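Note sheet for the following structure.
Protein chains: 2
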Amino acid sequence: MKKPSRDTISRMALYLRALQELSKARTSPTISSQDLAKELNISSDQLRRDLWYFGQFGRRGVGYSIESLKSKISQILGLNRSWNVCICGVGNLGSALLAYKGFKEHSLNIVAAFDVDPRKIYKKKSGIMIYPLGDMKKIVRSRAIEIAIIATPTAGALLILNKLVSCKVKAILNFAPVKLTAPPSVKLRNVDLSTELFNLTHFLSHGVR
Amino acid sequence: MKKPSRDTISRMALYLRALQELSKARTSPTISSQDLAKELNISSDQLRRDLWYFGQFGRRGVGYSIESLKSKISQILGLNRSWNVCICGVGNLGSALLAYKGFKEHSLNIVAAFDVDPRKIYKKKSGIMIYPLGDMKKIVRSRAIEIAIIATPTAGALLILNKLVSCKVKAILNFAPVKLTAPPSVKLRNVDLSTELFNLTHFLSHGVR
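Each protein sequence line maps, in turn, to chains A and B.
Following the numbering used here, the numbering of the first sequence begins with -4 at its first residue and continues without gaps.
Following the numbering used here, the numbering of the second sequence begins with -4 at its first residue and continues without gaps.
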């Protein structure tokens, strides 16, 4: 398999979502790349280029089998198995992520949360127990947590990052508004919530797309 | 100007953030495309290709002027002016967005919030007044709101969308976990918080990037 770009992977997630909807709708077992591209509001060239990274799926004149493309993309995205995830920081954003329904659909199981506030610890929120940082090593091991989400304010983010690294979490998604860097053993991704808005401001300024 | 892809625009946002940090650090007034690409963890080819969309900025052997590239990208992203934004739905996610420091840095001013809960309305949160839906038309007009963020549960999202469209908001960012579609007069973008995690699960499954 060739090495796909980050953007290709992000588009794969969109393809998967669309295929899941098509699968639920059960209108047809197949879809042409043109129709799938139209559904996704991207060019069919782009779609074909992305899918080529992972080998040929479609058959000329028949199109893609929705079920097999769905299962192939799931596999590419690593969603053919489940992942245990923890949320660090149960403020507004952490609470929103705990309540977010979209993760479970994709085999992303939030199994624990962590916070420093004594009023929050050892209580449940959205059905998930909140633990103090001192329990992190034990809980990460016992719940087989591989992915962590940092949802703390800027001030606490670095402390949490170091703690997660020492607990041997494999991948971290950082929502704190500070750019973190992790050692090479850990995959880290910084999310900037403003970025999504820039597509809109660009559009409103220049009237394109 | 050629029409850049959504992904190009998203990368522009990353470039801008890196340039802002370089500008604050004040180590040098210029940066080579190689160094900027390294800073961003992308290929310098990709960087040059993106910047070519908007014309040539750098000078061979000298590199890019940090300040002029920063101001050019700001202009491309429509951030050379300020934008008034409202948040619809003041639950956990809406509250997190109201408190989020990153918007203001980019001239995105949250000026109002809306909610249906009588216990929340006409109170301030993070300094922002929360209004009932009945006030939306008046507030959108008086505060010159052009961009709205939907942060409601799935159930309320469609109602809010229709209300925003009738209030002539120009662009909408939807965080509710449901795919919304707007009439062509309104630019709408659906955000899926799971997508960010898929880059991590892909990496953990295949060990690439």
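All C-beta atoms in this analysis are idealised placements derived from N, C-alpha and C, irrespective of residue type, glycine included.
Bear in mind the structure is a predicted one, so any value in this text is a computation, not a measurement.
Sub-9 Å separation of residue i and residue j beta-carbons
i	j	result
Gln41 of chain A	Arg6 of chain A	yes
Ser189 of chain A	Leu103 of chain B	yes
Gly84 of chain A	Ile145 of chain A	yes
Phe198 of chain B	Lys182 of chain A	yes
Leu192 of chain B	Val80 of chain A	yes
Val106 of chain A	Ile125 of chain A	no
Leu195 of chain A	Leu168 of chain B	yes
Thr25 of chain B	Ser60 of chain B	yes
Arg138 of chain A	Ala166 of chain A	no
Ala91 of chain B	Ala91 of chain A	yes
Val135 of chain B	Val164 of chain B	yes
Leu88 of chain A	Phe170 of chain A	yes
Ala32 of chain B	Ser23 of chain B	no
Ala177 of chain B	Leu154 of chain B	no
Cys162 of chain B	Lys115 of chain B	no
Asp30 of chain A	Gly56 of chain A	no
Nearest-angstrom Cβ-Cβ length linking residue i and residue j, presumed shorter than 8 Å
i	j	result
Gly97 of chain A	Pro172 of chain B	5 Å
Pro(-1) of chain B	Tyr48 of chain B	5 Å
Arg205 of chain A	Ser28 of chain A	Residue 205 of chain A lies beyond the residue range present for chain A, which begins at -4 and ends at 204; the question has no answer from this structure.
Ile71 of chain A	Leu14 of chain A	Not really, about 12 Å apart at Cβ, beyond 8 Å.
Trp78 of chain B	Ile37 of chain B	Going by Cβ atoms, the distance from Trp78 of chain B to Ile37 of chain B rounds to 27 Å, so no, they are not a contact pair.
Gly2 of chain B	Asp2 of chain A	In the sequence under discussion, the amino acid at residue 2 of chain B is Asp, which differs from the Gly named in the question. That pair is a contact at about 4 Å.
Gly73 of chain A	Ser200 of chain B	3 Å
Ser121 of chain B	Ala94 of chain B	5 Å
N- and C-terminal bounds of the beta strand (DSSP E) containing residue i
i	result
Arg114 of chain A	No beta strand (DSSP E) holds Arg114 of chain A; DSSP gives it neither H nor E.
Val80 of chain B	78 to 83
Asn185 of chain B	182 to 185
Tyr126 of chain B	123 to 126
Asn169 of chain B	166 to 169
Ile37 of chain B	Segment: none, Ile37 of chain B is in no beta strand (DSSP E) and carries neither H nor E.
Ala143 of chain A	142 to 145
Proximal chain A residues relative to residue i, where beta-carbon distance stays under 7 Å
i	result
Phe198 of chain B	Ala166, Lys182
Phe98 of chain B	Ser189
Ile222 of chain B	For chain B, the structure presents residues -4 to 204; residue 222 of chain B sits outside this window and is missing.
Residue i: contacting residues in chain B (beta-carbon distance under 8 Å)
i	result
Ala8 of chain A	Asp187, Ser189, Thr190, Phe193
For residue i, the first and last residue of its enclosing alpha helix (DSSP H)
i	result
Leu156 of chain A	149 to 161
Ala13 of chain B	1 to 20
Val135 of chain A	131 to 137
Lys65 of chain A	61 to 71
Leu74 of chain B	Counting along the chain, Leu74 of chain B falls outside any alpha helix (DSSP H), and DSSP gives it neither H nor E.
Ser102 of chain B	Neither: Ser102 of chain B is in no alpha helix (DSSP H) and is coded neither H nor E.
Gly89 of chain B	87 to 94
Ser200 of chain A	188 to 201
Subject >> chain A contacts from the segment 170 to 194 of chain B (Cβ-Cβ distance under 7 Å) >> reply: Taking 7 Å as the Cβ-Cβ cut-off against chain A, the residues of the segment 170 to 194 of chain B that qualify are Pro172, Lys182, Arg184, Val186, Asp187, Leu188, Ser189, Thr190, Glu191, Leu192, Phe193, Asn194.
Original post:
Which residues, in chain order, does the segment 139 to 165 of chain A contribute to contact with chain B at a C-beta distance below 7 Å?
Top reply: Those residues of the segment 139 to 165 of chain A that come within reach of chain B (Cβ to Cβ, closer than 7 Å) are Glu141, Ile142, Lys165.
**OP:** Can you give me, in chain order, the residues of the segment 72 to 105 of chain B that have a beta carbon less than 9 Å from any beta carbon in chain A?
**Re:** Flagged, chain order: Leu72, Gly73, Leu74, Asn75, Arg76, Trp78, Val80, Gly86, Asn87, Leu88, Gly89, Ser90, Ala91, Leu92, Leu93, Ala94, Tyr95, Lys96, Gly97, Phe98, Glu100, His101, Ser102, Leu103.
Subject >> Contact list for the segment 12 to 26 of chain A against chain B, Cβ threshold 8 Å >> reply: When CB distances to chain B are screened at a threshold of 8 Å, the residues of the segment 12 to 26 of chain A falling below it are Arg12, Glu16, in chain order.
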